[in-house]
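Comments concern the structure below.
Protein chains: 2
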Amino acid sequence: MKTNSAQCGGLPAPAELERIAQSLKLLAHPQRLRIVGRLERGGAAPVYAIMADLALPQGALSQHLNHMKRAGLVQAERRGKEVWYRIADRRAVQVLHCVCGRGGKK
Amino acid sequence: MKTNSAQCGGLPAPAELERIAQSLKLLAHPQRLRIVGRLERGGAAPVYAIMADLALPQGALSQHLNHMKRAGLVQAERRGKEVWYRIADRRAVQVLHCVCGRGGKK
DNA sequence: TCAAAATATCATGATATCATGATATGTCAA
DNA sequence: TTGACATATCATGATATCATGATATTTTGA
Chain A
18 MKTNSAQCGG
28 LPAPAELERI
38 AQSLKLLAHP
48 QRLRIVGRLE
58 RGGAAPVYAI
68 MADLALPQGA
78 LSQHLNHMKR
88 AGLVQAERRG
98 KEVWYRIADR
108 RAVQVLHCVC
118 GRGGKK
Chain B
18 MKTNSAQCGG
28 LPAPAELERI
38 AQSLKLLAHP
48 QRLRIVGRLE
58 RGGAAPVYAI
68 MADLALPQGA
78 LSQHLNHMKR
88 AGLVQAERRG
98 KEVWYRIADR
108 RAVQVLHCVC
118 GRGGKK
């Protein structure tokens, strides 16, 4: 039995809650939401494709992806000169959906 | 027909996306997540009750609530000396659930 | 080995967020 | 009208995030 249920009222323990908030913070950014949308809809993609689709500056995009990778939201795989990114944590997509309309039960 | 579908790939228009990201940013904070959890589980409550349950300093709690109110996540109603808060946007709860475990379809 | 393509990292200044303690406001009862 | 209770607001310094432009790294083909 988790003894922290009383203190946290059914929510995860403080340390975990901190991690969750951190991931959520990464999603709380317009461009990063668009990146998640792009990766969901088009599947995995190399950076230059995302860059073209979303019209983001290369350095900025790379940093966004890096942050999301560190948090485990996306996953990277090198293929030759390219690096392909994909969604690694479904919760990213779920949050996007329930916050952008479809996905809410009302 | 929304002509921004092409540019935004099914996501809301930039201005709206900005607002959504802003709301998400408010949820991306451990104490505010706990506040949402408290209001969900216990229903509406006066500030002093939330303060006691979550052991948050009065000023800080008041500011958290104020920010969330401005964003439309919660709603306030004065009853005598007290001000009762309640969830105003179900998406807050949905995000909490899908990010904290229960609520995701896997 | 060199050049170019694709991506990553760094440095920096601007802005936003945070926690804290102090003070102000509003409401009710005496 | 005064006092106390409940809540809100303010001021401030510390820290985090952001966008930008410059530079570095990795990989492949010539």
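So the protein lines, in turn, are chains A and B. Going by the numbering used here, the letters in the first sequence line up with residues 18 to 123, in that order. Going by the numbering used here, the letters in the second sequence line up with residues 18 to 123, in that order. Just so it is clear, CB atoms sit at the ideal spot from N, CA and C, and this is done for glycine as well.
Worksheet item: At least one CB of chain A closer than 9 Å to the CB of B:I104: is that the case?
Response: no
Fill in: Residues near B:D70 in its chain [Cβ-Cβ closer than 6 Å; skip 5 each side]
If the five residues before and after B:D70 are omitted, its C-beta is found closer than 6 Å to the C-beta atoms of R55, all from its own chain and listed in chain order.
Item to complete: Flag A:I67 as yes if its beta-carbon sits less than 9 Å from any beta-carbon of chain B, otherwise no.
Response: no
Fill in: Exposure of A:Y65, with buried meaning 16 or more beta-carbon neighbours within 10 Å
exposed
Discussion item. Taking 8 Å as the cut-off, is the beta-carbon of A:L56 closer than that to any non-hydrogen atom of the ligand NAP?
Written reply: This structure does not include the ligand NAP; it has no bound ligands of any sort.
Worksheet item: Is B:L82 near B:D106, with beta carbons less than 9 Å apart?
Response: no
Worksheet item: In angstroms, rounded to a whole number, what distance separates the CA positions of B:E35 and B:P29?
Response: 9 Å
Item to complete: Could you check the C-alpha separation between A:Q92 and A:M85 for me, to the nearest Å?
Response: For the pair A:Q92 and A:M85, the Cα-to-Cα distance works out to about 8 Å.
Item to complete: Could you name the residues of the segment 39-61 of chain B whose beta carbon sits closer than 7 Å to any beta carbon of chain A, in the order they occur along the chain?
Response: L41, K42, L44, A45, H46, P47, L50, R51, G54, R55 and R58
Fill in: Contained alpha helix (DSSP H) runs [length at least 4] in the segment 34-84 of chain B, N- to C-terminal order
47-59 and 64-71
Item to complete: Drop a sphere of 10 angstroms on the beta-carbon of A:Q111, count the other beta-carbons inside from all chains shown, and report buried for 16 or more, exposed for fewer.
Response: Classification of A:Q111: buried, given that the 10 Å Cβ count is 16 or more.
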